[in-house]
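J.: If you count the sequence shown from 1, you need to add 28 to reach the working numbering. To start, I am sharing the structure in question, which I have written as structure tokens.
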Amino acid sequence: MLNMLKKQVVMIIGLYIRVSTDKQAQEGYSLEGQAEEGIRVAKKMFGEDIQYELYIDEGLSAKSTYKRIALKRMMNDLKSGKLSAVITYKVSRLSRSLSDSLKLVEEINSAKVRFISIKEGEYGTPHANLQFNILASVTNEKN
């Protein structure tokens with residue numbers, strides 16, 4: 029009887045996916061490829077009993093967060109407590125601006141939501157934070 033009263037809590041993982049050019053889509057960063065890889069990593073890290081929410085910004089540059097509706101929706105969802113983690117293919121999918129990258133990841137961290145880059149690792153440990161800051165700086169330099 030007690031087990032019947034327990035509410036099943038299911039983790040919801042946010043998958044942030046973005047391509048800005050057809051070239052990126054052809055070189056392995058396709059929206060579908062990012063989604064498939066994100067789902068695979070989410071299930072590997074958090075188990076099969078998860079839900080995921082796709083946040084897709086197609087054809088939009090990462091130089092600015094201004095026009096990225098899916099990114100804004102994801103940030104609102106994580107601030108409201110809906111998400112347990114955010115997974116993205118690479119840090120550069122989140123932003124190519126160092127200040128935007130740092131601000132977004134700090135907001136994610138402040139909401140007690142895990143941030144995972146498939147290619148670069150998880151933010152949150154001192155080593156990972158240093159690696160993230162270096163990668164965000166390099167991404168910013170490529171602009």
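Backbone N, C-alpha and C fix where the C-beta goes; we use that ideal spot for every residue, glycine too. The model shown is predicted, which means the values in this text are computed figures rather than measured ones.
1. What is the DSSP secondary structure of residue 25, reduced to helix, strand or coil?
2. Where does residue 177 land, buried or exposed, given buried means 16+ other C-beta within 10 angstroms?
3. With DSSP run on the structure shown, which of helix, strand or coil describes residue 174?
4. Measure the alpha-carbon distance for residue 133 versus residue 143 and round it to whole angstroms.
5. Thinking C-beta only, is residue 146 closer than 9 Å to residue 115?
T.: If we stick to the structure as given:
1. Any property of residue 25 remains undetermined from this structure, which presents the chain solely from 29 to 171.
2. Residue 177 lies beyond the stretch modelled for the chain, which goes from 29 to 171, so this question has no answer here.
3. The requested residue 174 is not part of the displayed model; the chain covers only 29 to 171.
4. 7 Å
5. yes
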